[in-house]
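Numbering (the UniProt record's numbering), first residue to last: 1 to 372.
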Amino acid sequence: MQSLLLNGKVFYYDEIAAYSFRNSIPLNGYEAKTLELCRDWLNGVQEFSIQTSGSTGAPKVITLTRQQLEASAQATIKALNVQQKDRALVCLNTETVGGLMLLVRGFLGDMQLTIIEPTANPLAVLPPECSFEYASFVPMQMQEMLVFSTESIAFFNRMKAILVGGAPVSYNLQQQISQLSVPVSHTYGMTETASHVALKRLNGPDASPYFKTLPGVEISTDDRGCLILKGAQTNFETIITNDLVNIIDSETFEWLGRADFVINSGGVKIQAEKVEMTLETTLAQLGITTNSFITSLPDEKLGEKVVAVLEHHFLDQVREAQLREKLQSVLSRYEIPKIFLFLPEFKKTTSGKLDRRQTLQAALTFSKTHRF
Numbered sequence: 001m002q003s004l005l006l007n008g009k010v011f012y013y014d015e016i017a018a019y020s021f022r023n024s025i026p027l028n029g030y031e032a033k034t035l036e037l038c039r040d041w042l043n044g045v046q047e048f049s050i051q052t053s054g055s056t057g058a059p060k061v062i063t064l065t066r067q068q069l070e071a072s073a074q075a076t077i078k079a080l081n082v083q084q085k086d087r088a089l090v091c092l093n094t095e096t097v098g099g100l101m102l103l104v105r106g107f108l109g110d111m112q113l114t115i116i117e118p119t120a121n122p123l124a125v126l127p128p129e130c131s132f133e134y135a136s137f138v139p140m141q142m143q144e145m146l147v148f149s150t151e152s153i154a155f156f157n158r159m160k161a162i163l164v165g166g167a168p169v170s171y172n173l174q175q176q177i178s179q180l181s182v183p184v185s186h187t188y189g190m191t192e193t194a195s196h197v198a199l200k201r202l203n204g205p206d207a208s209p210y211f212k213t214l215p216g217v218e219i220s221t222d223d224r225g226c227l228i229l230k231g232a233q234t235n236f237e238t239i240i241t242n243d244l245v246n247i248i249d250s251e252t253f254e255w256l257g258r259a260d261f262v263i264n265s266g267g268v269k270i271q272a273e274k275v276e277m278t279l280e281t282t283l284a285q286l287g288i289t290t291n292s293f294i295t296s297l298p299d300e301k302l303g304e305k306v307v308a309v310l311e312h313h314f315l316d317q318v319r320e321a322q323l324r325e326k327l328q329s330v331l332s333r334y335e336i337p338k339i340f341l342f343l344p345e346f347k348k349t350t351s352g353k354l355d356r357r358q359t360l361q362a363a364l365t366f367s368k369t370h371r372f
């Protein structure tokens, strides 16, 4: 009988479809919501409402059709060469599009699903002997697991493929992933596109700086240089994104950053993601292991000023001076952060993505006694 494993409990598809286990098996809230999604899928529900993550804007509810979800899942199944009975780990929140699509791929691909509640370090709650062919992680999870134990690399390298998505991959994480033999791909997509519509290899001989679209996805740009998408995953409706891209050909593009992450400082337009990448590289060169991001704050003279936020307790004056000096050698004077803010632990959304707005507010409070 077909079944899945949820938090160590076996549930058979026929009982999920009938929802006949409620009185016999104790369920927590996450388990109940996950099984309700599975029940809806197994019973042929045609529309699914998913809330966006809220990592870059106000969360909103998006309705996706069954046809969209099937198109997305089949494209990924083909791209990854999924075989029947392959084992897949589901450790993303099933109430987000990333987690939901893992379930859909599992059902359509006849995979063996092991579902656990989302956590920063899935390895900490999985049995040590477990093994999977496929898994998807947000960058935070991948980073936590890679440094968790000496067995982490072996755990990953037993897989056929790994997807990493939902947020940019940092310089440090990119370096760690390059040591793995399992193919690891960064995904590009959003709730409106029923998860990813393009993949970029991060390691091995096929590593590339460019995303390659899944079959059937049409790409173009608007007058801002932002990506436009259309395909079965979008219900053949045009999706205009806020992502600045450089289109290489009809299937390939380079992601440059978000149009709404442009900082206007003193009349100079600064792409925040470019400064973030430089900051990450510089921190690594100085041996400062930390997460970071670039944002802005209002400034009476400049309009906006560039601000760096570090997941760290305060740097001493010597280290901060070293950081500023190295940044000055590679960034323009407008791009150099005017303020360094600190927070011991960044705020995350329910899907594990960085919550920039909440983190900035918390960092301002935490850093108020630190010299600007």
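Heads up, the beta-carbon is just placed ideally off N, CA and C, and yes, glycines get one too.
- In the structure shown, the three-state DSSP call for Leu-343 is coil.
- The C-alpha of Leu-327 is placed about 16 angstroms away from the C-alpha of Thr-295.
- Distance from the CA of Tyr-210 to the CA of Glu-151, rounded to the nearest whole angstrom, comes to 31 angstroms.
- A distance of 8 angstroms or more separates the beta carbons of Ile-115 and Thr-191.
- Taking 3 residues as the minimum length, the beta strand (DSSP E) runs contained wholly in the segment 183-250 are 184-190, 195-201, 211-213, 218-221, 226-230 and 239-249, in order along the chain.
- Rounded to the nearest whole angstrom, the C-alpha separation of Gln-358 and Gln-2 is 42 angstroms.
- Annotated three-state conformation of Ile-162 is strand, per DSSP.
- Under the DSSP assignment, Leu-64 falls in the beta strand (DSSP E) whose first and last residues are 61-65.
- Contact between Val-217 and Val-197 is confirmed by a C-beta separation of about 5 angstroms, below the 8 angstroms threshold.
- Residue range 47-51 is occupied by the beta strand (DSSP E) that includes Gln-51.
- If only uninterrupted beta strand (DSSP E) runs of at least 3 residues are considered, those enclosed by the segment 83-146 are 87-90, 112-115 and 134-137.
- Here DSSP, grouped into helix, strand and coil, assigns Asn-43 to coil.
- Around the beta carbon of Leu-286, fewer than 16 other beta carbons lie within 10 angstroms, which makes this residue exposed.
- For the pair Leu-113 and Ala-232, the Cα-to-Cα distance works out to about 25 angstroms.
- With respect to the 8 angstroms criterion, Asn-172 and Gln-68 are not classified as neighbours on the basis of their beta carbons.
- A direct Cα-to-Cα measurement between Asn-203 and Ser-20 gives close to 45 angstroms.
- Residues Ala-198, Leu-199, Lys-200, Glu-251 and Thr-252 of the same chain have their beta carbon placed closer than 8 angstroms to that of Lys-212, with the five preceding and five following residues left out of the count.
- Note that the C-beta distance between Val-309 and Leu-360 is below 8 angstroms.
- For Glu-320, the enclosing alpha helix (DSSP H) covers residues 317-328.
- With respect to the 8 angstroms criterion, Glu-31 and Leu-6 are classified as neighbours on the basis of their beta carbons.
- Going by C-alpha positions, Met-159 is about 11 angstroms away from Ser-136.
- Distance between Ser-329 and Thr-76, taken at the CA atoms: about 43 angstroms.
- In the structure shown, Ser-152 adopts helical secondary structure according to DSSP, grouped into three states.
- The segment 138-155 makes no contact with the segment 99-111: fewer than 3 CB pairs, one atom from each, lie closer than 8 angstroms.
- C-alpha of Gly-44 to C-alpha of Lys-78: approximately 22 angstroms in a straight line.
- Residue pairing for Pro-298: DSSP places it in a beta bridge opposite Glu-304.
- Taking the CA atoms as reference points, Gln-176 sits about 29 angstroms from Ile-270.
- Contact between Leu-103 and Val-90 is confirmed by a C-beta separation of about 7 angstroms, below the 8 angstroms threshold.
- Nearest to Thr-278 by alpha-carbon distance, out of Pro-118, Phe-342, Ile-336 and Thr-96, is Ile-336.
- Rounded to the nearest angstrom, the gap between the Cα atoms of Glu-70 and Phe-48 is 12 angstroms.
- When DSSP states are grouped into helix, strand and coil, Val-169 belongs to the coil group.
- Rounded to the nearest angstrom, the gap between the Cα atoms of Lys-305 and Leu-364 is 14 angstroms.
- DSSP places Tyr-13 inside the alpha helix (DSSP H), whose first and last residues are 13-18.
- As a beta-bridge residue in DSSP terms, Gln-271 pairs with Val-262.
- Glu-345 has its alpha-carbon roughly 24 angstroms from the corresponding atom of His-186.
- In the displayed model, Gly-257 falls within a strand according to three-state DSSP.
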